[in-house]
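Peer 1:
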Amino acid sequence: MSESTSTTERASGPGETAETIRVPCVEDDEGFAELTVQSLARDDERFALETASSAEAGLERLGPGVDCIVSDHNMPGMNGIEFLETVREPYPDLPFILFTRRGSEAVASEAISAGVTDYLQKESGLEQFAVLANRVTNAVEKRRTRAALERQNERLDTVVSNVPLVVFALDPDGVFTLSGARDWSTSPSTPANS
Numbered sequence: 006m007s008e009s010t011s012t013t014e015r016a017s018g019p020g021e022t023a024e025t026i027r028v029p030c031v032e033d034d035e036g037f038a039e040l041t042v043q044s045l046a047r048d049d050e051r052f053a054l055e056t057a058s059s060a061e062a063g064l065e066r067l068g069p070g071v072d073c074i075v076s077d078h079n080m081p082g083m084n085g086i087e088f089l090e091t092v093r094e095p096y097p098d099l100p101f102i103l104f105t106r107r108g109s110e111a112v113a114s115e116a117i118s119a120g121v122t123d124y125l126q127k128e129s130g131l132e133q134f135a136v137l138a139n140r141v142t143n144a145v146e147k148r149r150t151r152a153a154l155e156r157q158n159e160r161l162d163t164v165v166s167n168v169p170l171v172v173f174a175l176d177p178d179g180v181f182t183l184s185g186a187r188d189w190s191t192s193p194s195t196p197a198n199s
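Each number in the working numbering corresponds to the 1-based position in the sequence shown with 5 added.
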């Protein structure tokens, strides 16, 4: 299978927006890979898709701009779970969807233990691609929301820790809690022993 970069009109890089969802599809069956990419592109115009014919080629597609990986399980060389475990080392929170034809409960269990985001078995018909597109979109939106919340919390922590005032809050039990206060007992104007 020849590697292709994007069978959609979106190229990775210029022309992408913050809404673009970059997804490498790692699949050794070239025909099924192209069908997957074309179907996903029809389901959501935000997808920027590319194919890789092996886990090794999929690893070359990784980078900070990748939003989710869709991978087959049965591939020559490294299988989908080994690929997942390799991806998890540098990208522990990158959504990874195992999309496989020859899955089993044992494979699903092993994938869950390895930290797969989602597991789908390939079926006949095009409906499966709408389900896959939905799962990819949900996983990416969840990750982006979590990252935005973490950034917001970091900014809030920075503000609160640098506020020269004592901030009190009343919790639901009527107890005052202190937030962002400095230890005034050791300030130059207050003796530490008093």
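Cβ atoms here follow ideal geometry from the backbone N, Cα and C, with glycine treated the same way.
By Cβ distance below 6 Å, which residues in the same chain neighbour GLU32 in space, the five residues on each side in sequence not counted?
Peer 2: Walking along the sequence shown from the start, residue 32 turns up at place 27. Taken in chain order, the residues that qualify are ALA38, ASP77.
Peer 1: Using C-beta distances below 7 Å, list every residue in its chain close to ARG148, excluding the 5 sequence neighbours before and after it, in chain order.
Peer 2: Taking the sequence shown and counting its residues from 1, the one referred to as residue 148 is at position 143. Contacts found: ASP98, PRO100.
Peer 1: Are at least three pairs of beta-carbons, each pair with one atom in the stretch 132-140 and one in the stretch 109-121, less than 8 Å apart?
Peer 2: At 8 Å Cβ cutoff, the stretches do not touch.
Peer 1: Can you grab the Cα-Cα spacing for the pair ALA53 / ARG27, in whole Å?
Peer 2: As a first step, residue 53 is located in the sequence shown; it is residue number 48 there, counting from the start. As a first step, residue 27 is located in the sequence shown; it is residue number 22 there, counting from the start. Distance between the alpha carbons of ALA53 and ARG27 is about 5 Å.
Peer 1: Report the residue from VAL71, LEU67, ALA23, THR105 whose alpha carbon sits nearest the alpha carbon of THR91.
Peer 2: The residue labelled residue 91 in the question sits at position 86 within the sequence shown. Closest option to THR91, Cα to Cα, is LEU67.
Peer 1: Out of curiosity, what's the CA-to-CA distance linking THR25 and GLU50?
Peer 2: Numbered from its first residue, the sequence shown carries residue 25 at position 20. Numbered from its first residue, the sequence shown carries residue 50 at position 45. Between THR25 and GLU50, the C-alpha separation is close to 8 Å.
Peer 1: GLU61: which of ARG151, CYS30, VAL164 sits nearest, CA to CA?
Peer 2: Taking the sequence shown and counting its residues from 1, one reaches residue 61 at position 56. When only C-alpha atoms are compared, the closest one is CYS30.
Peer 1: If contacts are defined as beta-carbon pairs under 8 Å, then GLN126 and ARG140 qualify, I think. What distance do you get, rounded to the angstrom?
Peer 2: Mapped onto the sequence shown, residue 126 falls at position 121. Mapped onto the sequence shown, residue 140 falls at position 135. That pair is no contact at about 12 Å.
Peer 1: In the DSSP assignment, the alpha helix (DSSP H) including ARG106 goes from what residue to what residue?
Peer 2: Taking the first residue of the sequence shown as position 1, residue 106 is located at position 101. Here ARG106 belongs to no alpha helix (DSSP H), and DSSP marks it neither H nor E.
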